[in-house]
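Residue numbers (my numbering): 109 to 679.
Here's what the structure looks like:
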């Protein structure tokens, strides 16, 4: 479009120049006028030339730009045309490649189809071959069955023939038997008639008389046989029981020493007795209150006697006193400190004692709480017999008897060791020690057979197993051994325990200790709860209950101790 405009403008200029050059000079003009006219024309021509040149200078960049644009357009068209051609070529190449790949895929597909068909045909032929084989086997099996059935049919037919023959024989024999029976019946009737005439008895009377005689003879023989077997069984059972018990006693022979109620502590010199007593008796009072025993300091040379019915308390007092003597510092604060350490050490030893007893019997897996209670039995007695030694003895006796009776030996040992477990805490829990022990075993999730055996060894409950019966028998064997127990000592312990129990049941009482062989009971009350007047009333009430509920010779002194302690720290 721009080129057209440029060319059209150029053509207009050239036509105007052509027209100006062709114009004729007017005639009839003078020479000066003509020259001036010509000069104007020349000037006009020069002006037109300059304007044309100037226009051309202005149009030249436009022409160059348009030319460059035209060239760019041509180049772009050529490039596009070449790109189109290249794209067409690539598309043709892709199409050709796709056609080649499609042909290759078709060829591969045909090959795979052929292979699959071949594989399917082979598989079908193999399956068909196996099926034909199975069919042939079934046909053979059916043929054999058919042959067997034919043989069976022949056998059945033969048996039917034999049966018919036997049937005919039996019919003939039956006829013969009936004929013979009739003859025998006739002979019997004839004989009965003859016997009735001779004996003077009818048939029914004779049969009745015979049956009564047979019944008497059978009853006599049966009674004789039963009596004989019972006597043999009783003798055999007694013999076996004696054998088992004797073996158990021989294999678990033990030597127990009855506990006493006193023990002594040796002193390096008698000078220590005054230090043990302390100023105004405060040291010995602290010892007695902390341990619950009576410290006897008399004329016995170089010795202090500890008296108390509870072996654990006596042991705590003995160890505490020995440590104080070795340390040399004896005053209430030091006494309390040593008491705490001794009790902690003794608790540890109690646990170790229980574990050692279980290990010695070959028992494993018992809970720690049960081992601690077993260890406490070492410091308990029953009629003078040490309970830990008694329990171990019962465990050994039960293991021997269980082995002879083919029962569970390990469970028998556990029952024997734990049967008196309730006695370790019977002063803390009310009820029979057998029931207390079974409750402890139940809380520890022991088997029901063990729980029942513990509860039934004194017949508080019905025994439900052989081991429960053995527990009762072994306990009785251990207790009945000569020298094992002392009745008087146990009665003394029960009286002491009853005395302390009555005292501790009163309100405001912290602890109570029976001393001087039960002739005195010292009661420690809480000073914050009991005043002096109430302390007097408490002593009177305890003395009244002791008089009403207990039987004892002489008198029992009731001493109520109310102590006020004030502690302050200097900083």
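The C-beta atom is built at its ideal place from N, Cα and C for all residues, glycine as well.
Taken through DSSP and simplified to helix, strand or coil, residue 469 comes out as coil.
Boundaries of the beta strand (DSSP E) harbouring residue 665: 665 to 670, taken from the DSSP string. Residue pairing by DSSP places residue 622 opposite 629 in a beta bridge. Distance from the CA of residue 194 to the CA of residue 203, rounded to the nearest whole angstrom, comes to 14 Å. Residue 403 is bridged by DSSP to 414. Between the C-alpha atoms of residue 220 and residue 237 there is a straight-line separation of about 25 Å. Distance between residue 396 and residue 494, taken at the CA atoms: about 25 Å. Here the alpha carbon of residue 442 sits roughly 48 Å from the alpha carbon of residue 580. Taking the C-beta atoms as reference points, residue 427 is found nearer than 7 Å to residue 450. Put simply, the backbone Cα of residue 211 is about 19 Å away from that of residue 198.
Beta-carbon to beta-carbon, residue 608 and residue 635 are separated by about 21 Å, too far to satisfy the 8 Å threshold. Taking every protein chain shown into account, the CB of residue 217 has fewer than 16 other CB atoms within 10 angstroms, so this residue is exposed. Shown here, residue 580 sits in a helix according to DSSP, grouped into three states. By the Cβ neighbour-count rule, residue 317 is exposed, with fewer than 16 other Cβ atoms within 10 Å of its own. Annotated three-state conformation of residue 197 is helix, per DSSP. Of 556, 546, 550 and 554, the smallest CA-CA separation from residue 566 is found for 546. As computed with DSSP, residue 493 is found in a beta bridge with 490. Boundaries of the alpha helix (DSSP H) around residue 420: 419 to 435. A straight line joining the alpha-carbon of residue 519 with that of residue 480 spans about 19 Å. The beta carbon of residue 286 is closer than 7 Å to none in its chain, skipping five residues each way along the sequence. The C-alpha of residue 416 lies about 22 Å from the C-alpha of residue 655.
About 17 Å separates the beta carbon of residue 526 from that of residue 585, a gap too long to meet the 8 Å contact definition.
In this structure, residue 628 and residue 665 form a Cβ contact; the two beta carbons are roughly 4 Å apart against a cut-off of 8 Å. In the structure shown, the three-state DSSP call for residue 537 is coil.
Within the segment 246 to 285, no complete alpha helix (DSSP H) segment of 4 residues or longer occurs. Residue state for residue 645 is assigned as helix, using DSSP reduced to three classes. Look at residue 502 here: in three-state DSSP terms it is helix. According to the DSSP secondary-structure assignment, residue 574 is paired through a beta bridge with no residue.
Setting aside the 5 residues that flank it on each side, residue 623 is surrounded in the same chain by 396, 401, 402, 415, 416, 629 and 630, each with a C-beta closer than 8 Å to its C-beta; the list follows chain order.
Per DSSP, residue 614 has no beta-bridge partner at all. When DSSP states are grouped into helix, strand and coil, residue 372 belongs to the strand group. By the C-beta density criterion, residue 528 is buried, having at least 16 other C-beta atoms within 10 angstroms.
Judged by DSSP in its simplified three-state form, residue 677 adopts coil rather than helix or strand. For residue 468, the closest C-alpha among the options 444, 457, 382 and 503 is that of 503. Shortest Cα-Cα distance from residue 620 to any of 646, 557, 640 and 642 involves 646.
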